[in-house]
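Q: My questions all concern the structure below.
Residue numbers (mature numbering (1 follows the signal peptide of the UniProt record, and there is no 0)): -18 to -1, 1 to 190.
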């Protein structure tokens, strides 16, 4: 029985890698100022996941370049927040990182999922409800924001939300479209975003 399950897992994993890269439904011309000098060829995909880092001095980016030969080139970029760039002690670092086979499979599954494809139908404006009432903003200090950018064939979609889980669970502002926000949080979970940044910050600031 165990051998049968293992065989099915291997077959399923191979099917994932045999798929062509999906054609993403993207709408905006590329304006993302990529910090990594890597070319995105026709039909290849770049996914950029950014954390604004709360009280940290740097913003952190994960770049995943999904290549036509069914591999992923991954980079971690740490760059000073825009209002701190004059501080010469703070520098930008760009590190290429090796992904485990398991993580590559998870990323390909996320990229090819219906959940990702369906979310790309949303725009940034879909995070807001139209209301005539004046709503007080919910303020939270030192919380991280998270953005996701998808790039393919000269087009991109970008989404950003500050402290998304807090705003979903604790904020009663009626201008927040919580249906869209919840779907965004589910997308972040699908792409293992919290785990990515927890592992990164643990290795950078704690495990020295």
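We put the beta carbon where it would ideally sit given N, CA and C, even for glycine.
Does residue 11 come out as helix, strand or coil in the three-state DSSP assignment?
A: strand
Q: Could you check where the alpha helix (DSSP H) with residue 174 kicks off and where it finishes?
A: That residue, residue 174, is in no alpha helix (DSSP H); it is neither H nor E in DSSP.
Q: Terminal residues of the continuous beta strand (DSSP E) containing residue 137?
A: 137 to 144
Q: Using the DSSP secondary-structure output, state which residues sit across from residue 128 in a beta bridge.
A: 33 and 143
Q: Sort 33, 5, 11 and 39 by Cα distance to residue 24 and report the nearest one.
A: 5
Q: Whether or not the region 147 to 160 and the region 40 to 52 are in contact is what I'm after, with contact meaning three or more pairs of Cβ atoms, one per stretch, closer than 8 Å; do they touch?
A: no
Q: Just to confirm the assignment, what range does the beta strand (DSSP E) spanning residue 61 have?
A: 54 to 62
Q: Have a look at residue 260 and residue 21 and give me their C-alpha separation to the nearest angstrom.
A: The structure shown has nothing for residue 260, since the chain only spans -18 to 190.
Q: Please look up how many angstroms separate the CB atoms of residue 33 and residue 126, rounded, as I've assumed it's under 8 Å.
A: Their Cβ separation, rounded to whole angstroms, is 5 Å, which keeps residue 33 and residue 126 in contact under 8 Å.
Q: Run through DSSP, which three-state label would residue 122 get?
A: Residue state, collapsed to three classes: coil.
Q: Looking only at its chain, what residues have a beta carbon closer than 6 Å to the beta carbon of residue 122, apart from the 5 residues adjacent to it on each side?
A: In the same chain as residue 122, and ignoring 5 residues on each side of it, the C-beta atoms closer than 6 Å to its own belong to 145 and 148, in chain order.
Q: Taking residue 157 as the reference, give the member of 83, 113, 64 and 81 with the closest Cα.
A: Of the candidates 83, 113, 64 and 81, the one whose C-alpha sits nearest the C-alpha of residue 157 is 113.
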